[in-house]
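Have a look at the structure below before the remarks.
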Amino acid sequence: MNGRENLITRQNSGVTVIGLGPMGRAMTRTLLTAGHPVTVWNRTAGRADGVVEDGAALAATPRDAIEASDLVLLSLTDYQAMYDVLDGATASLAGRTLVNLSSDTPERTREAAAWAAGHGAAFLTGGVMVPAPMVGTEAAHVYYSGPEEVMRARTETLALLGTPRYLGEDLGLAQLMYQAQLTVFLTTLSGLMHATAMLGTAGMKAEEALPELLSSADSTGDIMRAGEERPGAALDAGEHPGELSTVTMMGATSDHIVEASTSLGLDLALPRAVQAHYRRAIEDGHGGDNWTRIIDGIRSPRRPDAVRDLGPR
């Protein structure tokens, strides 16, 4: 067996988890429940108390944590935290697999993979697409990318955290998918809070407003799929038929939301951002196209000095 094969296939049942926020603790407990010995390390050692009581072993140093297992899961704030934690333990990385489940940019993810390879470690990047309480449940799924043979060798263990969705060899792709998913998630959350604030100005409590608003959020996917056998195919073909919801119609709606929010004394950051997408498409001559035409402006943003005033028309 050559060194490369040894790096991929040599593994024991032990797993190391570095980073014990809610996600790290949830992963540790899931692995313990499945019968894996788990070694943990965290900058604030007290965060390990609960999982140690559940059976995890607390390492004294990052080096000890790395050396305890062939498979190391990183659940940290960002990729810089990986360097901060592991820079003193790089001599122990050779022959191990690092699975970084932290959030950052695709570029930093690829740089980190090169850094790990330089120290003889295999590397996978991943994005956990559920909150900590759902880790290890049937509803959980995790995106991964990196060398296929490494993914194949670690799939059985990683599947305990959630259904693995492997996206390919590009180490930045899982990170990109994670950020794309969070773009939808965070924008929806902001939209829900803005809408709740709007209704609150009329005396409606959030307990009354949110059930209605959540129903609207839930139906968005169905609306996007309506009449589409293959959602996204028209976008890929550059087709934006305007028989239904045109840019002009949706743009007028965005204007009304800005005007209403202004009159209610609410923050305008979110509604003006949405309004800007439609105004750009109209200014580019696409008012009669389907609202999906706004993707052109998102793909090719104007220079800051070219952005026009977004005050009421």
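5 is the number of the first residue of the sequence shown in this note's numbering; add one for each residue after it.
Yeah, the Cβ is synthetic: ideal placement off N, Cα and C, and Gly gets one too.
Proximity below 8 Å, CB of residue i to CB of residue j
i, j, result
"S79", "M31", "yes"
"R100", "V76", "yes"
"A125", "A98", "yes"
"T192", "A221", "yes"
"Y148", "L128", "yes"
"M27", "A136", "yes"
"G59", "L36", "yes"
"I22", "A69", "yes"
"V139", "T257", "no"
"G54", "R29", "yes"
"L175", "R229", "no"
"Y83", "A118", "no"
"H123", "T141", "no"
"V103", "G131", "no"
"M318", "Q185", "Examination of residue 318 is not possible in this model, given that the chain is present from 5 through 317 alone."
"T20", "T43", "yes"
Proximity winner among the options, relative to residue i (alpha-carbon distances)
i, options, result
"G225", "D58, T159, V188, M138", "V188"
"M181", "R229, P110, V103, P135", "P110"
"T81", "N46, P245, A93, H290", "N46"
"L105", "I227, T20, Q179, R306", "Q179"
"G246", "I298, S265, M133, T266", "I298"
"H281", "T266, A264, M253, A49", "M253"
"I227", "V132, W295, G140", "W295"
"I286", "V251, H40, T94", "V251"
"V278", "D300, T161, G255, A264", "G255"
"A3", "P151, T48, T161", "Residue 3 is absent from the model: the chain starts at 5 and stops at 317."
"S73", "D91, P41, E212", "P41"
"E216", "L196, L248, V56", "L196"
"P275", "L248, V262, H244", "V262"
"I302", "S249, L214, E243, R284", "R284"
"G289", "D259, H244, A264", "H244"
"L214", "S194, E71, L177", "S194"
"D240", "D300, S223, A52", "D300"
"G150", "L177, G166, S304", "L177"
"S107", "E232, M86, S304, H260", "M86"
"L248", "H260, T266, G92, G291", "G291"
"E71", "G236, V56, L90", "L90"
"D293", "S265, D259, A238, A264", "A238"
"S17", "L164, P305, E212", "L164"
DSSP beta-bridge partners of residue i
i, result
"R169", "Y147"
"G131", "Y147"
"V188", "Note: V188 sits in no beta bridge, so no partner."
"V44", "V21, L62"
Minimum Cβ-Cβ distance from residue i to chain B less than 8 Å
i, result
"R276", "Among the protein chains of the structure shown there is no chain B, as only one such chain exists."
Are there three or more Cβ pairs, one per stretch, closer than 8 Å when the stretch 261-271 is compared with the stretch 190-210?
These segments touch.
Would you say the stretch 160-177 touches the stretch 57-65, given that touching needs at least three Cβ pairs under 8 Å?
With a cut-off of 8 Å, the stretch 57-65 and the stretch 160-177 do not count as touching, because too few Cβ pairs lie within range.
If you scan the stretch 239-267 from start to end, which runs of the alpha helix (DSSP H) of 4 or more residues do you find wholly inside it?
If one requires a minimum length of 4 residues, the alpha helix (DSSP H) runs lying completely within the stretch 239-267 are 251-267, in chain order.
Below 8 Å, can you find three or more Cβ-Cβ pairs linking the stretch 206-216 to the stretch 145-165?
The stretch 206-216 makes no contact with the stretch 145-165: fewer than 3 CB pairs, one atom from each, lie closer than 8 Å.
Report the residue ranges of all beta strand (DSSP E) runs contained in full by the stretch 49-135; include only those spanning at least 3 residues, in chain order.
If one requires a minimum length of 3 residues, the beta strand (DSSP E) runs lying completely within the stretch 49-135 are 75-78, 101-104, 126-132, in chain order.
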